[in-house]
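As structure tokens, the structure follows; a few thoughts come after it.
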Amino acid sequence: MTHFSAFSLLKNALSGHKGWREQWPDSQPKAEYDVVIVGAGGHGLGAAYYLAKEHGITRVAVIDKGWLGGGNTGRNTTIIRSNYLYDESARLYDHALDLWEDLSQELNYNVMYSKRGVMMLAHNVHDVQSFQRHIHSNRLNGVDNRWLTPEEAKAFCPPLDISPRRRYPVMGAALQKRAGTARHDAVAWGYARAAAARGVDIIQNCAVTAIRRGPDGAVTGVETTKGFIRARKVAVSAAGNTSVVLESAGLRMPLESFPLQALVSEPVKPIFPCVVMSNSVHAYISQSDKGELVIGSGTDQYVSYSQRGGLPLIEHTVAAICEVFPIFRRMRMLRKWGGIVDVTPDRSPILGKLPIPGLYVNCGWGTGGFKATPGAGHLLAWTVAKDEPHPINAPFTLERFTTGRLIDEAAAAAVAH
Amino acid sequence: MLLIRCPYCEEDLPEAEFAYAGEAHIARPADPMALSDEEWRDYLFIRSNPRGTHFERWRHIHGCGRFFNAVRDTVSDKFRMTYKAGLPRPDLSAAKEAAE
Ligand SMILES: [Zn+2]
Numbered sequence: 056m057t058h059f060s061a062f063s064l065l066k067n068a069l070s071g072h073k074g075w076r077e078q079w080p081d082s083q084p085k086a087e088y089d090v091v092i093v094g095a096g097g098h099g100l101g102a103a104y105y106l107a108k109e110h111g112i113t114r115v116a117v118i119d120k121g122w123l124g125g126g127n128t129g130r131n132t133t134i135i136r137s138n139y140l141y142d143e144s145a146r147l148y149d150h151a152l153d154l155w156e157d158l159s160q161e162l163n164y165n166v167m168y169s170k171r172g173v174m175m176l177a178h179n180v181h182d183v184q185s186f187q188r189h190i191h192s193n194r195l196n197g198v199d200n201r202w203l204t205p206e207e208a209k210a211f212c213p214p215l216d217i218s219p220r221r222r223y224p225v226m227g228a229a230l231q232k233r234a235g236t237a238r239h240d241a242v243a244w245g246y247a248r249a250a251a252a253r254g255v256d257i258i259q260n261c262a263v264t265a266i267r268r269g270p271d272g273a274v275t276g277v278e279t280t281k282g283f284i285r286a287r288k289v290a291v292s293a294a295g296n297t298s299v300v301l302e303s304a305g306l307r308m309p310l311e312s313f314p315l316q317a318l319v320s321e322p323v324k325p326i327f328p329c330v331v332m333s334n335s336v337h338a339y340i341s342q343s344d345k346g347e348l349v350i351g352s353g354t355d356q357y358v359s360y361s362q363r364g365g366l367p368l369i370e371h372t373v374a375a376i377c378e379v380f381p382i383f384r385r386m387r388m389l390r391k392w393g394g395i396v397d398v399t400p401d402r403s404p405i406l407g408k409l410p411i412p413g414l415y416v417n418c419g420w421g422t423g424g425f426k427a428t429p430g431a432g433h434l435l436a437w438t439v440a441k442d443e444p445h446p447i448n449a450p451f452t453l454e455r456f457t458t459g460r461l462i463d464e465a466a467a468a469a470v471a472h
Numbered sequence: 018m019l020l021i022r023c024p025y026c027e028e029d030l031p032e033a034e035f036a037y038a039g040e041a042h043i044a045r046p047a048d049p050m051a052l053s054d055e056e057w058r059d060y061l062f063i064r065s066n067p068r069g070t071h072f073e074r075w076r077h078i079h080g081c082g083r084f085f086n087a088v089r090d091t092v093s094d095k096f097r098m099t100y101k102a103g104l105p106r107p108d109l110s111a112a113k114e115a116a117e
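These protein sequences, in sequence, are chains A and B. According to our numbering, the first sequence is numbered sequentially starting from 56. According to our numbering, the second sequence is numbered sequentially starting from 18.
Structure (structure tokens):
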């Protein structure tokens, strides 16, 4: 594997950048692996990397029906934060945030993690009380989050209009300074490159059509469009397609798949220094390093696999942005797209073992999976390698929907994950 | 923008007039006290979530206000038919033959 450094950059610059080599091979499936991971997004590739690096399991294949990072990993708005209300969620997302801190060094690949701060606007008394409750809860859990007055919010994000005469006045804000953004494609590529360097096969354009089980009920492998692949451990990390993949193993999941849309404006000079979310008016916005304003909100209302979504939601989203940031009213939007997110009834993920021996799942991240990428990969690898959950993901079982021990972030956390 | 036919108003109307209301034909348990934890889980939380034909409820919230059922393809988002609440799950192969 090429080691990236200032020196290698300089050397290649002097030779006209003609010396760069392919960073990982386009592998074809072997007959058998120790572990097959279904879904080559950031989570699945991360799991493969940590399986190889921390557990010494290198006979691993990551299989995807499309190209790596072509699903929700490449379709999100790249926001990273961990200010979740409940103890279980705070630990889960803060674990990911800890791994984000030095991910670029870990992978020798610049994922452009930028701790620019995520600010959530409070527009009414309910918002103020609910955010302050979040802040207290976060601080008890050691999670960075603080309250800002309207003036402090304006100082942190100058485009903000804090005039009290606005339809949705800014009454304060919750700021997580450690939160921010990262370049989502680089996360997938960095994990793919580092995993492949440790012997992991990344098999693209190969759809898993069924999970096969032996007479004892345990997993024996996966049927794919490139033939049967034997494996005694299969981990499904397929986001919106999880229900479809697991149905072939005889499992019905508490999941529904919805389109989550995002859009970007034409690129402009730096104007927006942080990430701002407004849960009451319902939209969030940041500026990419290319200069585009990156905008999103909630999911479409109906179950769909279209990766497109409807225009009424885009209209609602830009209306919200124009209301909170009148400065952007004449900004032209460049393109929009959708990703299919799998949503659980309690809006918390399912990450752990399934009732079928040898089968593991990482799903249900809903609208908030990108921020968890390193954590989800790390914990999925642990769970697969040891055949038991890590203490951090132990509460996030499928069984909680039978026992009633839900982690109900739906009612408590921000609508926009 | 989806166009949705309300089977009560008998008109094709824009999506903005309607609210989605989840999977259709999930019957509330007749004898709730007799249900096991697994049966409660299935009733409350498990959804079919298919990639393809989906039976679902909608409500004509900015119109007649009534709930009805629809059959929609979740890949193309195209509606195959809508029908009144309370009617049984339609036999799609029969509906297809009748249309031909
Ligand atoms: Zn109607």
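Backbone N, C-alpha and C fix where the C-beta goes; we use that ideal spot for every residue, glycine too.
- Counting C-beta pairs closer than 8 Å gives three or more between the segment 357-367 of chain A and the segment 388-399 of chain A, which meets the contact rule.
- A residue is called buried once 16 or more other Cβ atoms fall within 10 Å of its Cβ, and glycine 82 of chain B, having fewer, is exposed.
- A residue is called buried when at least 16 other Cβ atoms come within 10 angstroms of its Cβ; threonine 128 of chain A meets this threshold and is buried.
- Here the alpha carbon of glutamate 378 of chain A sits roughly 26 Å from the alpha carbon of lysine 170 of chain A.
- Residue state for asparagine 179 of chain A is assigned as coil, using DSSP reduced to three classes.
- Not flagged as an interface residue toward chain B: threonine 280 of chain A, since no C-beta distance is shorter than 8 Å.
- With a cutoff of 7 Å, cysteine 81 of chain B counts as near ligand 1, since its C-beta is closer than that to a heavy atom of the ligand.
- Contact residues of the segment 332-357 of chain A toward chain B are Gln356 and Tyr357 (C-beta to C-beta distance below 7 Å).
- Not one heavy atom of ligand 1 falls within 7 Å of the beta-carbon of tyrosine 37 of chain B.
- When 9 Å is used as the limit between beta carbons, glycine 365 of chain A is near these residues of chain B: Met18, Leu19, Glu32 and Asp94, in chain order.
- Within the segment 62-78 of chain B, the residues whose Cβ lies closer than 8 Å to some Cβ of chain A are Phe62, Ile63, Arg64, Ser65, Asn66, Pro67, Arg68, His71 and Glu73, listed in chain order.
- Rounded to the nearest angstrom, the gap between the Cα atoms of alanine 431 of chain A and methionine 332 of chain A is 23 Å.
- Its Cα nearest to that of glycine 227 of chain A, the residue A:Glu206 stands out among A:Glu206, A:Ala237, A:Val242 and A:Ala247.
- For a Cβ distance threshold of 7 Å, residue set Asp54, Glu55 and Arg58 of chain B lies close to threonine 457 of chain A, ordered along the chain.
- Listed along chain B are Arg68, each with a C-beta nearer than 7 Å to that of valine 299 of chain A.
- Under the three-pair Cβ rule at 8 Å, the segment 247-267 of chain A does not count as touching the segment 204-218 of chain A.
- One alpha carbon belongs to isoleucine 135 of chain A, the other to aspartate 149 of chain A, and they sit about 10 Å apart.
- Runs of beta strand (DSSP E) with 3 or more residues, each lying fully within the segment 117-186 of chain A, are found at 173-177, listed in chain order.
- Residue side-chain check: tyrosine 100 of chain B keeps its Cβ at 7 Å or more from all non-hydrogen atoms of ligand 1.
- In the DSSP assignment, glutamate 311 of chain A falls within the unbroken beta strand (DSSP E) covering 311-320.
- A check of alpha carbon separations from proline 84 of chain A across A:Trp244, A:Val277 and A:Met167 identifies A:Val277 as the nearest.
- Taking 7 Å as the cut-off, the C-beta of cysteine 23 of chain B counts as close to a heavy atom of ligand 1.
- Here asparagine 179 of chain A is exposed, its C-beta having fewer than 16 other C-beta atoms within 10 Å.
- The distance from the Cβ of serine 320 of chain A to that of arginine 387 of chain A is about 6 Å, consistent with a contact at the 8 Å cut-off.
- In this structure, alanine 317 of chain A lies away from glycine 96 of chain A, with their beta-carbon atoms at least 8 Å apart.
- In the DSSP assignment, tryptophan 420 of chain A falls outside any beta strand (DSSP E), carrying neither H nor E.
- Counting only Cβ-Cβ distances below 7 Å, tyrosine 37 of chain B has contacts in chain A at Gln356 and Tyr357, in chain order.
- The straight-line gap separating the alpha-carbon atoms of glutamate 143 of chain A and proline 450 of chain A is approximately 7 Å.
- Taking all protein chains shown into account, arginine 146 of chain A has 16 or more neighbouring C-beta atoms within 10 Å of its C-beta and is therefore buried.
- Listed along chain B are Ile63, each with a C-beta nearer than 7 Å to that of arginine 307 of chain A.
- Secondary structure at valine 263 of chain A: strand, using DSSP grouped into helix, strand and coil.
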